[in-house]
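Just so you know, the sequences run in chain order A and Z.
The first sequence runs contiguously to residue 419 in my numbering.
The second sequence runs contiguously to residue 162 in my numbering.
Step one of this worksheet: look at the structure below.
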Amino acid sequence: MNIENFKPMTVYTIYIASTPEKVWEALTTADFSRQYFSGHAVEVELRVGGAFIMRTPDGALHISGEVIECDPLKKLTVTFNVNWPALVEKLGPTLVTYEIEQVGEAVRLTMSESHDRPLSDDILSGGRQGWPAILSGLKSLLETGKPLMVKLGPPQRMLAALKELGIATP
Amino acid sequence: MSKPEYIYVIYIQAPCEKVWDALIDPEMTKDYWGRHRNRSDWNKGASWSHEDYDDASNVAITGTVIESERPHKLVLSWVRPDSINNPEKTSRVTFTIEDQFGASKLTVVHNELDAEMFSGISAGWPAVLSSLKTMLETGASMPMTRRNWKRGK
Chain A
250 MNIENFKPMT VYTIYIASTP EKVWEALTTA DFSRQYFSGH AVEVELRVGG AFIMRTPDGA
310 LHISGEVIEC DPLKKLTVTF NVNWPALVEK LGPTLVTYEI EQVGEAVRLT MSESHDRPLS
370 DDILSGGRQG WPAILSGLKS LLETGKPLMV KLGPPQRMLA ALKELGIATP
Chain Z
10 MSKPEYIYVI YIQAPCEKVW DALIDPEMTK DYWGRHRNRS DWNKGASWSH EDYDDASNVA
70 ITGTVIESER PHKLVLSWVR PDSINNPEKT SRVTFTIEDQ FGASKLTVVH NELDAEMFSG
130 ISAGWPAVLS SLKTMLETGA SMPMTRRNWK RGK
């Protein structure tokens, strides 16, 4: 896959009082992700071409993808495809990149969600609603040891836009 | 052509009132907002300024309180003192604080920006608001935001 064709359409940066090692671990292990990613478990083979998966709390496959770039403690790029029929065919693949930088005593984590074609703000609203909550939760978990108690409603605006495109959603 | 808009959202494990108070309390802003204070009576129509905590004559940003509804909404105009009365250089910041099961969702919309201000605040808001969250959740802000950035560099 040629990632040159992908453009970041949602970018979120957050600073975390932690280390690159801990942030990397939180992004790549299920014990952490279950506590900040709406209960989802990440499974990733940390090599280029390795599988990237997120499972719902009941074990179902929710996101499937592949590792595109892997520079441990610094950068992880994966395809991040929600497992809804026809979604990838109609919208193309989604690319998610995490970049980790040490900034003084803190870590700057930047998440970029990229796509290979223009998408409407309605479609993008799902990620724009979700990422700040997910990464705020990751920060709380690493800094306080406790998950953040927020509950997100379903991304109504995105679901309506998907329905309009004939993409079935649960 | 519309002027650029910047949006940042962060969730904080603290009630809305605490988040609101942290935005305006100089003893808190000095620790998470680069050793600056925000000064105003915070009534609608009042002036406000963002100034060096140690030297009040050094004003970085000033403006007017456009809306003030504790603890949910604060809207400010935002301009450098040398550009006051220049609408091209005057931007607007809207803080919205919503309850999320006892936690808060803080949304900062900074719009009507010129290119120079856009670039400055795009780098600034994530650091300031990340540190605000850290301070409210752990009791101590992030060290990088306790220093005065202009003086520090």
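We put the beta carbon where it would ideally sit given N, CA and C, even for glycine.
Any beta carbon of chain A sitting closer than 9 Å to that of residue i?
i, result
"Val88 (chain Z)", "no"
"Val28 (chain Z)", "no"
"Val102 (chain Z)", "no"
"Ile106 (chain Z)", "no"
"Val84 (chain Z)", "no"
"Thr71 (chain Z)", "no"
"Ile39 (chain Z)", "The sequence as given places Lys at residue 39 (chain Z); Ile does not occur at that position. No, no contact with chain A."
"Lys98 (chain Z)", "no"
"Ser140 (chain Z)", "yes"
Please compile the residues from chain A whose C-beta is within a distance smaller than 7 Å of the C-beta of residue i.
i, result
"Ala136 (chain Z)", "Tyr264"
Applying a beta-carbon distance threshold of less than 8 Å, which residues of chain Z neighbour residue i?
i, result
"Lys400 (chain A)", "Gln109 and Phe110"
"Ala233 (chain A)", "The displayed coordinates of chain A run from 250 to 419. Any statement about residue 233 (chain A) would go beyond what the structure contains."
"Leu397 (chain A)", "Tyr20, Gln22 and Ala112"
Where DSSP assigns a beta bridge to residue i, which residues make up the other side?
i, result
"Cys319 (chain A)", "A:Leu325"
"Gly47 (chain Z)", "Here residue 47 (chain Z) is Asn; the residue named in the question, Gly, does not match the sequence. Note: Asn47 (chain Z) sits in a beta bridge opposite Z:His59."
"Ser113 (chain Z)", "Z:Ile21 and Z:Asp108"
"Ser100 (chain Z)", "Z:Trp87"
"Asp64 (chain Z)", "Z:Asp61"
"Leu358 (chain A)", "A:Ile263 and A:Ile349"
"Tyr41 (chain Z)", "DSSP, once it has assigned bridges, lists no residue as partnering Tyr41 (chain Z)."
"Tyr9 (chain Z)", "No answer is possible for residue 9 (chain Z): the residues shown for chain Z start at 10 and end at 162."
"Glu292 (chain A)", "A:Ile302"
"Leu310 (chain A)", "A:Arg304"
Please report whether the beta-carbon of residue i lies at a distance below 9 Å from any beta-carbon of chain Z.
i, result
"Thr268 (chain A)", "no"
"Lys388 (chain A)", "yes"
"Pro306 (chain A)", "no"
"Ser385 (chain A)", "yes"
"Thr393 (chain A)", "yes"
For a contact meaning CB atoms closer than 9 Å, what does residue i contact in chain A?
i, result
"Pro251 (chain Z)", "Nothing about residue 251 (chain Z) can be reported from this structure: the residues present for chain Z run from 10 to 162 only."
"Ser128 (chain Z)", "Under the 9 Å cutoff, chain A gives no residues; its nearest Cβ is about 14 Å from Ser128 (chain Z)."
Determine the chain A residues that contact residue i at a beta-carbon separation under 8 Å, and present them in chain order.
i, result
"Lys12 (chain Z)", "Simply none; closest approach about 18 Å."
"Thr147 (chain Z)", "Ala266, Glu392 and Thr393"
From the beta carbon of residue i, is the nearest beta carbon of chain C less than 9 Å away?
i, result
"Glu350 (chain A)", "Judged by its chain identifiers, the structure shown contains no chain C, and its protein chains are A and Z."
Mind listing the chain Z neighbours of residue i? Cutoff is C-beta to C-beta under 7 Å, in chain order.
i, result
"Pro381 (chain A)", "Val18, Ile19 and Tyr20"
Query raised in the report: Hey, is the stretch 379-389 of chain A in contact with the stretch 300-307 of chain A, meaning 3+ C-beta pairs nearer than 8 Å?
Result: no
Query raised in the report: Counting pairs of beta carbons, one from the stretch 405-419 of chain A and one from the stretch 51-64 of chain Z, are three or more of them closer than 8 Å?
Result: no
Report task. Report yes or no: do the stretch 78-98 of chain Z and the stretch 394-409 of chain A share at least 3 C-beta pairs separated by less than 8 Å? Result -> no
Query - Three CB pairs or more closer than 8 Å across the stretch 266-276 of chain A and the stretch 337-349 of chain A - result: yes
Requested in this report: Examine the Cβ distances between the stretch 404-413 of chain A and the stretch 364-379 of chain A and report whether three or more of them are shorter than 8 Å.
Outcome: Verdict: yes, contact present.
Query raised in the report: Counting pairs of beta carbons, one from the stretch 121-131 of chain Z and one from the stretch 141-151 of chain Z, are three or more of them closer than 8 Å?
Result: Judged by Cβ distances under 8 Å, the stretch 121-131 of chain Z makes no contact with the stretch 141-151 of chain Z, as fewer than three pairs qualify.
Query raised in the report: So, do the stretch 336-346 of chain A and the stretch 358-371 of chain A have three or more beta carbon pairs nearer to each other than 8 Å?
Result: Taking 8 Å as the limit for Cβ pairs, the verdict is that the stretch 358-371 of chain A does touch the stretch 336-346 of chain A.
Query raised in the report: Hey, is the stretch 14-28 of chain Z in contact with the stretch 101-115 of chain Z, meaning 3+ C-beta pairs nearer than 8 Å?
Result: yes
Requested in this report: Specify whether the stretch 35-48 of chain Z and the stretch 96-105 of chain Z touch according to this definition: at least 3 beta carbon pairs, one from each stretch, less than 8 Å apart.
Outcome: no
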